[in-house]
Amino acid sequence: MDPYKESNLEKVDFPDRHDLMVDDIPDDLIVSSDSSSFTGSEKEGELIRTKQQQQQQQQQDQLNSINDDINTDQKIGSLTPVDSVLDPLPPCYKTLDQNQITWKIRDFAPLKEGRVQGPRIKIGGFEWNLLIIPSKRNGYLSFSMYVEAHPQETKENNDSNNDETDEAAAAADVKGLSNEDKDNNNWHVCTQFAIEIYDPKNPKNRKLNKSRYRYSNNVTDWGFINLLSMKIPNENAMIQNNEIDATIYVRVIDDWTGVLWFNFENYNSKKQTGYVGFYNQGATCYLNSLLQSYFFTMAFRKKVLKIPTQDEVAQDIEQIREQLFQRKSVSLALQRIFYKLQTSNEPIDTLELTKSFGWDSSGCFHST
Numbered sequence: 019m020d021p022y023k024e025s026n027l028e029k030v031d032f033p034d035r036h037d038l039m040v041d042d043i044p045d046d047l048i049v050s051s052d053s054s055s056f057t058g059s060e061k062e063g064e065l066i067r068t069k070q071q072q073q074q075q076q077q078q079d080q081l082n083s084i085n086d087d088i089n090t091d092q093k094i095g096s097l098t099p100v101d102s103v104l105d106p107l108p109p110c111y112k113t114l115d116q117n118q119i120t121w122k123i124r125d126f127a128p129l130k131e132g133r134v135q136g137p138r139i140k141i142g143g144f145e146w147n148l149l150i151i152p153s154k155r156n157g158y159l160s161f162s163m164y165v166e167a168h169p170q171e172t173k174e175n176n177d178s179n180n181d182e183t184d185e186a187a188a189a190a191d192v193k194g195l196s197n198e199d200k201d202n203n204n205w206h207v208c209t210q211f212a213i214e215i216y217d218p219k220n221p222k223n224r225k226l227n228k229s230r231y232r233y234s235n236n237v238t239d240w241g242f243i244n245l246l247s248m249k250i251p252n253e254n255a256m257i258q259n260n261e262i263d264a265t266i267y268v269r270v271i272d273d274w275t276g277v278l279w280f281n282f283e284n285y286n287s288k289k290q291t292g293y294v295g296f297y298n299q300g301a302t303c304y305l306n307s308l309l310q311s312y313f314f315t316m317a318f319r320k321k322v323l324k325i326p327t328q329d330e331v332a333q334d335i336e337q338i339r340e341q342l343f344q345r346k347s348v349s350l351a352l353q354r355i356f357y358k359l360q361t362s363n364e365p366i367d368t369l370e371l372t373k374s375f376g377w378d379s380s381g382c383f384h385s386t
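Under my numbering, the first residue of the sequence shown carries the number 19, and numbering increases by one thereafter.
Rendered as structure tokens:
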């Protein structure tokens, strides 16, 4: 049976492989193909190999050029760019400004006396410097090193106009601190940073530590304890040489959410948002979330507040005292929750509400 005849398909005769001549094949296919796949004269085969070699050489030259750029960017010391030293940005955030500064220390004697600050550099609306603090433990001298942040004056209140401000610094000024923030000591800046130290006489003897932190008026420096210690042989060599180069790399991040790396210590939600939340009574985080959802559902909140509960409210002092310890209805407890969410300046608890459910203290540690 002829399958072409049965399926009404037209049978097409293709030429045998040896009927294809090199001249009939496009040049780009010849260059990217193995010359052994084609038959032809020795001259044509040599042409194919020559083109292949040329293409391979071009690719190798491009690769060498890329490697040269990478090697140039990864030189030791203060020439290392910020991007090659620091970790990638957190997702959905962008760099506001970044830079680096090297402090060439040529005498360790002042460093052994107490806190010493290095030269400052302006990055992202703040001034930054290296802070070195010496200490001695078990007879070993060591140096702790920190990156320190200082708020800058805003442009409109800076008497000294600096015409040399570059575009990055100009963009950073937009995110600078207002006078109100500085007066109220209400500022923060999210930063990725690194401290690199190395021996200028032996650049291979180097150490690099990196971290990230949310600086604020409460904590203005962050870094590493005992970064340089006489207890470590190669670090002791730097100290004995009596000189090091210390570079700080700083990247200021645009904290558009306002909560990047925030630990919520001393957080005033009423001041920041106009609302308060709940203390966690036990394993009641799910209950707290549900109550806040109900509170912001206006139709539901109005219905709850209209439930008649006046008969449960005591009128005289003695009755009020008794009611404080008396189990309330769910309706009244929920009304009181909603009232406190509107008026309280502090987080509130859910004790009355869980009591109205009939829960004891252990019941608050079980989902219902």
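By construction, the Cβ of each residue, glycine as well, lies at the ideal position given by its N, Cα and C atoms. Values in this document were obtained by computation on a predicted structure and should not be read as measured data.
- Contact between Arg224 and Tyr216 is confirmed by a C-beta separation of about 3 Å, below the 8 Å threshold.
- Considered as a whole, the region 258-336 harbours 287-291, 303-313 and 316-323 as its complete alpha helix (DSSP H) runs of no fewer than 4 residues, in chain order.
- Assigned with DSSP and collapsed to three states, Leu107 falls in coil, not helix or strand.
- Ala351 and Leu371 have their C-alpha atoms roughly 5 Å apart.
- With 16 or more other Cβ atoms inside 10 Å of its own Cβ, Met256 counts as buried.
- For Leu369, the enclosing alpha helix (DSSP H) has its first and last residue at Leu369 to Ser374.
- Note that the C-beta distance between Arg269 and Leu149 is not below 8 Å.
- By a beta-carbon distance limit of 8 Å, Tyr164 contacts Gly241. Their separation comes to about 3 Å.
- With a 10 Å radius around the Cβ and a threshold of 16 neighbouring Cβ atoms, Ala317 comes out exposed.
- Ranked by Cα distance from Pro109, the options Trp279, Phe296 and Val294 are led by Trp279.
- By the neighbour-count criterion, in which a residue is buried when 16 or more other Cβ atoms sit within 10 angstroms of its Cβ, Ser153 is exposed.
- Nearest to Tyr285 by alpha-carbon distance, out of Met248, Gln353 and Glu364, is Glu364.
- By the Cβ test, the region 287-306 is not in contact with the region 114-134, since fewer than three Cβ pairs between them sit closer than 8 Å.
- Gln210: member of the beta strand (DSSP E) spanning His206 to Asp217, first to last residue.
- Proximity to Lys228 across Asp378, Gly132, Pro106 and Ile151 peaks at Pro106, based on C-alpha coordinates.
- With respect to Glu330, Lys346 sits close: the two C-beta atoms are nearer than 8 Å.
- At least 8 Å separates the beta-carbon of Ser349 from that of Ile366.
- Taking the CA atoms as reference points, Ser162 sits about 11 Å from Ile213.
- When only Cα atoms are considered, Arg354 and Glu283 end up about 27 Å apart.
- Looking from the CA of Gly136, the closest CA among Thr265, Gln328, Ser311 and Ile250 belongs to Thr265.
- Lys222 carries a strand assignment under DSSP once its states are collapsed to helix, strand and coil.
- In this structure, the alpha-carbon of Asn236 lies about 37 Å from that of Pro221.
- For Lys358, the enclosing alpha helix (DSSP H) has its first and last residue at Val348 to Thr361.
- The alpha carbon of Asp239 has as its nearest neighbour, out of Pro169, Phe296, Gln299 and Gln71, the alpha carbon of Pro169.
- DSSP places Lys249 in no beta strand (DSSP E); its state is neither H nor E.
- Annotation: Ser362 to Trp274 spans about 28 Å, alpha carbon to alpha carbon.
- One thing to note: Tyr297 has its Cβ no nearer than 8 Å to the Cβ of Phe211.
- One Cα belongs to Asp272, the other to Ser102, and the distance between them is close to 20 Å.
- Taking each of Tyr233, Pro218 and Leu226 in turn and checking the Cα distance to Trp205, the smallest one comes out for Tyr233.
- Burial of Leu305 is indicated by the presence of at least 16 other C-beta atoms within 10 angstroms of its C-beta.
- In the structure shown, Lys122 adopts extended strand secondary structure according to DSSP, grouped into three states.
- For Glu131, no beta strand (DSSP E) run applies, since DSSP gives it neither H nor E.
- In the DSSP assignment, Ala167 is bridged to Trp146.
- The C-beta separation of Asn244 from Ser160 comes to about 4 Å, placing the pair in contact by the 8 Å criterion.
- Secondary structure of Thr68 (DSSP, three-state): helix.
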